[in-house]
Amino acid sequence: MIEILNPSELSRARNTGALVADILQTIKARTTAGTNLLDIDQWARTMITEAGAKSCYVDYAPSFGRGPFAHYICTSVNDAVLHGLPHDRVLADGDLLTLDLAVSLAGIVADSAITFTVGGSPSPADAAMVDATERALAAGIAVARPGARIGDISHTIGSVLTEAGYPVNTEFGGHGVGSTMHQDPHIANNGRPGRGYKLRPGLLLALEPWVMADTAELVTDADGWTLRSATGCRTAHSEHTIAVTSGGAEILTLPPAAPGRG
Numbered sequence: 001m002i003e004i005l006n007p008s009e010l011s012r013a014r015n016t017g018a019l020v021a022d023i024l025q026t027i028k029a030r031t032t033a034g035t036n037l038l039d040i041d042q043w044a045r046t047m048i049t050e051a052g053a054k055s056c057y058v059d060y061a062p063s064f065g066r067g068p069f070a071h072y073i074c075t076s077v078n079d080a081v082l083h084g085l086p087h088d089r090v091l092a093d094g095d096l097l098t099l100d101l102a103v104s105l106a107g108i109v110a111d112s113a114i115t116f117t118v119g120g121s122p123s124p125a126d127a128a129m130v131d132a133t134e135r136a137l138a139a140g141i142a143v144a145r146p147g148a149r150i151g152d153i154s155h156t157i158g159s160v161l162t163e164a165g166y167p168v169n170t171e172f173g174g175h176g177v178g179s180t181m182h183q184d185p186h187i188a189n190n191g192r193p194g195r196g197y198k199l200r201p202g203l204l205l206a207l208e209p210w211v212m213a214d215t216a217e218l219v220t221d222a223d224g225w226t227l228r229s230a231t232g233c234r235t236a237h238s239e240h241t242i243a244v245t246s247g248g249a250e251i252l253t254l255p256p257a258a259p260g261r262g
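Quick note on full-length UniProt numbering: the sequence shown kicks off at 1 and runs consecutively.
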């Protein structure tokens, strides 16, 4: 299913995006060495509930997971990159943490992810990896205009990641959003330009470049959810929800102080 939002729905989507961005930045600011992943999950639960919103993860039970997920946010640490199931783990200085959050507010979903170093400055290798995903995300957003095709976004994201020296996994990538968290079209993090669904105003997309330092192969934890690099290398993940408008892509999940157009 591919949904095209009307102006009223797009207005609600902006509110959802702002909420997701605020929750992620609030949790990032609170997170220090000594923070437990279960504390992060509880913080997310409280903020989502107080906003009158719903987590998209609590009842999430796709075919690839051992569901339901039963938590409010994904917390992926170091070699974990996707679907990190919160558990009783205390973070340490230098841990590389990815927070991935999808929330529904007034019937519209927004989805975003950030990766950051806990407790101080990142290592050069970690900083370069996070930067590559952020640059790939920005480049993908820049080509998300009416008339462009999904393949144009995939190709652009993949070009940035491969030029930065990272292998690219295409099993998991971006996706459409709207009244539900995961919709068509699928947006692989590499692809061929000029192919796939043609973008039109009112389309909401979650773009999410992610990489592992030296492999494209994933392994799954015994919890049935957490996806890690097969080699144990570090990972990074950046994601925004955007709305395709007649003037280009509008980023809905930017932090509050950032400009709103991409």
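No residue lacks a Cβ here, since even glycine has one placed at the ideal position from N, Cα and C.
According to the DSSP assignment, G176 belongs to no alpha helix (DSSP H) but to the beta strand (DSSP E) extending over 174-177. For R228, the enclosing beta strand (DSSP E) covers residues 227-229. Going by C-alpha positions, P122 is about 14 Å away from V77. Contact between G17 and L252 holds, with the beta-carbon distance rounding to 3 Å and staying under 8 Å.
Judged by DSSP secondary structure, M129 falls outside any beta strand (DSSP E) and instead within the alpha helix (DSSP H) spanning 124-142. The Cβ atoms of D88 and A236 do not sit closer than 9 Å to each other. A113 is not a Cβ neighbour of S154, given a cutoff of 9 Å.
The three-state secondary structure of A21, taken from DSSP, is helix.
For I242, the enclosing beta strand (DSSP E) stretches over residues 240-245. Shown here for P256: same chain residues with a beta carbon closer than 8 Å to its own, the five before and five after excluded, namely A18, A21, D22, Q25 in chain order. Cβ neighbours of G158 within its own chain (closer than 7 Å, five residues either side excluded): V168, N189, N190, G191. Distance from the CA atom of G120 to the CA atom of G94, rounded to whole angstroms, is 7 Å.
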